[in-house]
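Structure, as structure tokens:
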Amino acid sequence: MIDAGQYVFEEVPYRLVRSPRRKRLGLVLAGAGVEVRIPQRCAARHGHRFLQENIHWVRAQLLQARQRAAEIPRHRFAFGEAFPWLGGRLPLLRAARPAGAGIRDDAIYLYTRAREPDAQQLQAALQRLYQREALAQFQQRSAEVAARLGLRFSSVRVRRTRSKWGHCTLRGELQYNWLVCLAPVMVVDYLVAHEVCHLRHHNHSPDFWALVASVCPDYREQRRWLRDNGHRLVL
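The following block contains the structure:
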């Protein structure tokens, strides 16, 4: 893409971005403003007019984005603080040995080599622990659902992704965003049911959703929760 200039209309900052592959005009939020994406050979005036004609929609989207940003929790990374796990909140305690690290019913036990880790070190160590514990959760729950449906998967992985909470490949690989383990257990179970059911139906057909419903009858409610609250799942 080629940046064609930056402008302001009714106090909304925007820029024109030309793309040789784009065939239609489009609007994409970008920070506190918006990008007006236009085809390579499109005259700039059409981009300006497109933004002006859709300024009310842009304002509404920017307002919603600011509201959602204000809802994102700000964690204080220190021992003694509470952190979300499977819908609850557990205190972060220091583990005396590496073998003692883990997430249990009463607390999150974290081992660090540094005697007095700073917030950044503690956050990085906590994220690694969450990934490990989330992988164990997803492996166990995926195996249970797959066995119930008579399905098989080749592997389970966790990673932090921007746009997907889960993914199932044609090779039977299940992938989950480990941040989902900050959500309530029912949401985690829905996501597992969703991805495991893709082992049989690699689409979102009525048959697929019927299979999901057989495992997770209230999947619509959990899916809605993830859509409305997913931006709050940060660590």
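Counting from 1192, one number per residue, gives the positions in the sequence shown under this note's numbering.
Yeah, the Cβ is synthetic: ideal placement off N, Cα and C, and Gly gets one too.
*Which value, in whole angstroms, describes the spacing of the CA atoms of Q1311 and A1305?*
12 Å
_Output needed for R1213: all residues of its chain with C-beta closer than 8 Å, excluding positions within five of it in sequence on either side, in chain order._
R1228, I1229, P1230 and Q1231
*Which two residues bound the contiguous beta strand (DSSP E) that contains L1426?*
Neither: L1426 is in no beta strand (DSSP E) and is coded neither H nor E.
*C-alpha distance - H1247 paired with V1203, whole-angstrom precision*: 11 Å
*In terms of alpha-carbon separation, which member of W1276, S1210, P1211 and G1238 lies closest to V1199?*
G1238
*Who are the near neighbours of S1345 in its chain, counting only those whose CB is closer than 7 Å to its CB and skipping five residues on each side?*
R1362, G1363 and E1364
*Buried or exposed: S1333, going by 16 or more other Cβ atoms within 10 Å of its Cβ?*
buried
*Could you give the distance in angstroms between the alpha-carbon of A1223 and the alpha-carbon of R1236?*
22 Å
*Could you round the C-beta distance between G1271 and P1282 to whole angstroms and report it? I think they count as a contact, below 8 Å.*
6 Å
*Can you tell which of L1320, I1263 and Q1255 has the C-alpha that lies nearest to the C-alpha of A1286?*
L1320
*Do V1336 and V1383 have their C-beta atoms closer together than 8 Å?*
yes
*Simplified DSSP assignment, three categories, for G1238*: helix
*Alpha-carbon to alpha-carbon, Y1300 and A1292*: 5 Å
_Buried or exposed, going by whether 16 or more other CB atoms sit within 10 Å of the CB of I1263?_
exposed
*Taking 8 Å as the cut-off, decide whether the C-beta atoms of Y1381 and Q1331 are in contact.*
no
*Residues sharing a beta bridge with C1359, DSSP*: L1365
*Could you check what DSSP says for G1291 in three-state terms: helix, strand or coil?*
helix
_Is the beta carbon of Q1328 closer than 8 Å to that of C1456?_
Not covered by the structure: residue 1456. The range shown for the chain is 1192 to 1426.
*At which residue ranges does the region 1364 to 1406 contain complete alpha helix (DSSP H) runs of 4 or more residues, listed in the order of the chain?*
1376 to 1388 and 1397 to 1406
*From E1324 to Y1302, what distance separates their C-alpha atoms?*
14 Å
*What's the call for G1279, buried or exposed, on a 16-neighbour Cβ count within 10 Å?*
exposed
*Just confirm the distance between the C-beta atoms of L1370 and H1266, as a whole number of angstroms; I'd bet it's less than 8 Å.*
13 Å between Cβ atoms; not a contact.
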